[in-house]
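Visitor:
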Amino acid sequence: MTNGILELARAAGEAALATEGVHSLGTGRYAEAATYEGTEKFTGVVVKPDELEIHIVANYPLARSIPDLARLIRERVAAESGGRRTLVVVEDIEVANEGL
Amino acid sequence: MRVFNRIVVILLLVGLITLGAYTVVYSFELFGYQLSDLSALLNGFTGGVEGFISDVEDGNLPILTIALLAAIALLGLILLLMEFKPRRPRRVRMQRGTYVTRDVVKDEVTSAAEETPNVLGSSTTVDAKRRPGAKVKLRADVRRGQDTKAIKSDLRERVQQHLARTGVPLGRLKLKLVESDPRQTKTRVQ
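Order-wise, the sequence lines are chains A and B. Going by our numbering, the first sequence opens with residue 192, and the numbers climb by one from there. Going by our numbering, the second sequence opens with residue 9, and the numbers climb by one from there.
#1: Beta strand (DSSP E) containing residue 254 of chain A: first to last residue?
#2: Roughly how many angstroms separate the alpha carbons of residue 219 of chain A and residue 21 of chain B, rounded to a whole number?
#3: What are the boundary residues of the beta strand (DSSP E) that residue 277 of chain A is part of?
#4: Just the C-alpha distance for residue 108 of chain B and residue 100 of chain B, rounded to the nearest angstrom, thanks.
#5: Taking residue 192 of chain B as the reference, which of B:42, B:87, B:76 and B:130 has the closest Cα?
#6: Which of helix, strand or coil does DSSP assign to residue 116 of chain B?
#7: Could you tell me if residue 138 of chain B is buried or exposed, where buried requires 16 or more neighbouring beta carbons within 10 angstroms of its beta carbon?
#8: Could you run through the region 111 to 140 of chain B and flag, in chain order, every residue whose CB is less than 7 angstroms away from some CB of chain A?
#9: At the 8 angstroms Cβ level, is residue 196 of chain A part of the contact set with chain B, yes or no?
#10: With H, G and I counted as helix, E and B as strand and the rest as coil, what does DSSP make of residue 24 of chain B?
#11: When you compare each of A:237, A:217 and A:247 to residue 228 of chain A by their alpha carbons, which one comes out closest?
#12: Would residue 168 of chain B pass as an interface residue toward chain A - the criterion being a Cβ-Cβ separation below 8 angstroms?
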């Protein structure tokens, strides 16, 4: 388990990115979704005292339903969340351009 | 309510600017206005207010004024209740801890709509509900003279199925079919 919130955000972001069906981390739709520590920030994951918010862009076509994708992300991120409740926000879908 | 709040603030600022301009003009006696004229003007205004209040106390108000005051009170009550109403969420809640932006739902609905035979184009509005699910308004363009009832039912089914596949709970789906000229729609030939 990580100590600094920025490290925690990074670890959670990497875990989310490693999930099949996640294209990238989101940047926030209405306000920037990022974790700040000192002069650094990590975009795509918001670490709150009791909550971890992960913003993602999903691959299209979807390999699985969005709730299933969110469940997978939650499972992967659980080890990094430090007991926080994990929220998954699907910000966008990106059309896969493989083979084009 | 944001629009209403904005209107109130604009009116308040316009009032303040007007009041400020009057104060400057009368204080420096510009354009021939004297400070002594202002007290006469204010006396007229306070006299009017006093007259109105004494009419209220005596119960001498005309029926139109009573109706207007009642309407203002009712409007105030409605606006107060609307202000207490919690804001509609920005994101669509799917299940506990999972949210999806309205744009994603919109893209999914549009893709399902435009895959439907005989639909030439579409425009979608998505609102998030407080409960899980999205409120979708879909306007689809079809050629003139086609069986709109059949297209509507097919479209509804496809959108519902598509959203169910992606896991987006659909709260309400409102469909509107518009007969359009294919030359002016997104999909010209199908």
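We put the beta carbon where it would ideally sit given N, CA and C, even for glycine. The structure displayed is predicted, hence computed values, not measured ones.
Guide: Quick answer:
#1: Run containing residue 254 of chain A: none; DSSP gives neither H nor E here.
#2: 34 angstroms
#3: 276 to 286
#4: 5 angstroms
#5: B:130
#6: helix
#7: exposed
#8: 111, 112 and 115
#9: no
#10: helix
#11: A:237
#12: no
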